[in-house]
Structures are given as C-alpha cells and as structure tokens.
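Colleague:
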Amino acid sequence: MNKAVACLLIRLYPRKWRDRYELEFEALLEDERGGLWAMVNVAWSALYERVSPAQGGMMDQNSQTFRMIVKQPSAFLPLAMSVGALAVLFVAAVYSFAHSGHGLVREADEGAAAHLWQILMAGQLPVLAVFVFKWLPRAPRQTLYILAVQAGAILAAMAPVYFLNL
Amino acid sequence: MSSTRHVVQDENDPKLGHYSDPPLLVLSSLSSGPKHGHAMIEDIEQMCGTHLGPGTLYGAIARLEALGLIEPLPQEERRQPYRLTEQGVHVLRARLATLDRFVAAGMGRLEAL
C-alpha cells in the first residue's frame, strides 16, 4: 500500500490506538499488497475502534514505541555526534596536557579539534530538524523525551567550551 | 471487529469451509511460534484460506493484547512480532477443545442423515 495512503488511513484511528500501534501498523500496511479492499478494511476497523476501543493491556504503555523511535538514525545520530564532540574535547585536553603540560586553552588558531567539534555540533542540526519533522506529529510525547535527552547531550558537549572559555 | 465471514453461495464456492474468527485465528497462528503481522496474515491464509485484512488483524491483536493473551517481543526493524502468553495457550487450548466437540457432534449428526 502506498505510504501516503497508509498514513492517511491510520489517522482515522483514535490517538490512543495510534500511540501504541501506529509504527508497526504502518509497516504492515506498506508490506500489504493492499488494494481497495484493504483500504476499506482499515477504514472500517478504524471506525470500529472509535466506537468500541480496545482497552487496558499495553494501550497505555508507550515503551515499545519509545524504543522503536530511539533506534531511528535521526534520533541516535545527534546523540552520538554530541558524545563524539565531547570525546574530541577530552582527547584534545589529554593530548594538550601530555605535550605542553596544561589543558585546553583558547588559541588564535583553533586547530583540528575545534573544527571537528564545530562540524559535529553544527552537523547534527539538520538531523535534529529531520527527527522533529518526522516524529513529533506521529508520537509527540516520546519524541519530546528523546529531544530532551538530545538537548542534554548538546549542553554537555557545549559546557566545557563555555566554562573553559575556549 | 466481528469477522470477515464470507457468505457461501453454493458448495463449489472456493470459500466453502473458510473459518473466520480473527482472534482465534491469530492465537492459532502464534501457536507455531512468534510472528509479526504480515507473517500472521500469510500463515492464516495457508492454514485455512482466510485472508485477514490488516485492520481486522490489528483489531484482533489489540484485543488479545489487552486481554493478556499475546505479548509483543522486541521489534525487528519496523515489524513487531508477538507471541502467545501462558494464558493465551490455555485459552487457545480451551477454544480448540470446544470446537473439537462441536465438530464431532456436527459430523455425527451429518452421518445420521
């Protein structure tokens, strides 16, 4: 089934149902050979779900969805890039200490480590934008959790630069 | 979701004998091991000739999960496999035993005709 049609049909389901099943159901619809019968079946099932919703069980638990989203490249790449930027600072500090006897200091020539840090920090912005654009409308709560973690990682990577005045 | 029951027009209808109780079909499919949605649809079609629609399938999955008869396993890419719980096995066994008695009684009556 066409992805756009699948997304449109899934929107017919109640929000609570979508929070739990949207991602896996979308994958199933994309796998299905589909046709008009499948579309009618999904639309009818969505209507039935609104009239007589499945209750209890895992409907209130979003852990699966959260785990699923955090595995997406657009979710973990910014985190990895922030951690990488922090690691670059750490390695540069160790290297500087080993060769000159002092840690990181501000220099006119920023050097390779500074450029690498800048690339990692700036490079994650478009990935973050893709992540927000793609996942915020689908699973707002889980996306906000992941964004908070990403923001924490960005702050952690920026903190040494700010506090050491690099 | 009530069912995808087909109305049989005559005895040559290829759908004759198709069984359609989506929750029971899902439980039966999972009795041979964990499966994701698409695999369940294919397995059920092979098992009894009924092609469950995706909406019907997930209507059954949501209810079976809510009842604690099936449970999700860790996701495989975007696909979500499910498996029977212990309670699910118990319920499936009871349902099949009832059906077995029903079939035996029905066949006995047919033979008496």
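Top to bottom, those sequences are chains A and P.
Each residue of the first sequence is one higher than the one before, counting from 3 in this note's numbering.
Each residue of the second sequence is one higher than the one before, counting from 213 in this note's numbering.
Just so you know, even glycine gets a beta-carbon here, dropped at the ideal spot from N, CA and C.
Keeping to the same chain, check which residues put their C-beta closer than 7 Å to that of V151/A; ignore five residues upstream and five downstream.
Modeller: So the qualifying residues of the chain are L81.
Colleague: Does DSSP classify E51/A as helix, strand or coil?
Modeller: The answer is helix: DSSP assigns E51/A an H, G or I state.
Colleague: Measure the C-alpha to C-alpha separation of L11/A and N4/A and round it to an integer number of angstroms.
Modeller: Going by the C-alpha atoms only, they are around 11 Å apart.
Colleague: Using DSSP's beta-bridge definition, name the partner residues of P235/P.
Modeller: DSSP lists no partner for P235/P.
Colleague: Could you have a look at L322/P and say whether DSSP puts it in helix, strand or coil?
Modeller: Residue state, collapsed to three classes: helix.
Colleague: Do the CB positions of H250/P and L30/A come within less than 7 Å of each other?
Modeller: Against a cut-off of 7 Å, the Cβ pair of L30/A and H250/P comes out as a contact.
Colleague: Does the separation of the CB atoms of L79/A and V129/A fall below 7 Å?
Modeller: Cβ atoms of L79/A and V129/A: closer than 7 Å.
Colleague: Could you name the residues of the same chain whose beta carbon sits closer than 7 Å to that of R20/A, not counting the 5 residues immediately before and after it, in chain order?
Modeller: Excluding sequence neighbours, R20/A sits near I12.
Colleague: I want to verify the contact list: residues of chain P whose CB lies under 7 Å from the CB of Y23/A, in sequence order.
Modeller: Within 7 Å Cβ-Cβ: Y270, A274.
Colleague: Is it buried or exposed, M319/P, if we count other Cβ atoms within 10 angstroms and call 16 or more buried?
Modeller: Exposed, by the Cβ-count rule.
Colleague: Can you list the residues of chain A that H302/P reaches, using a CB-CB cut of under 7 Å?
Modeller: Within chain A, no residue comes near H302/P; the closest Cβ sits about 17 Å away, beyond 7 Å.
Colleague: Name, in chain order, the residues that DSSP records as bridge partners for R20/A.
Modeller: DSSP lists no partner for R20/A.
Colleague: Output yes if chain P places a C-beta closer than 7 Å to the C-beta of M70/A; else output no.
Modeller: M70/A counts as touching chain P.
Colleague: How far does the beta strand (DSSP E) with P284/P in it extend, from its first residue to its last?
Modeller: From DSSP, the beta strand (DSSP E) with P284/P extends over 282 to 284.
Colleague: Going along the chain, which residues of its own chain have a beta-carbon closer than 6 Å to the beta-carbon of I156/A, five neighbours each way excluded?
Modeller: So the qualifying residues of the chain are S84.
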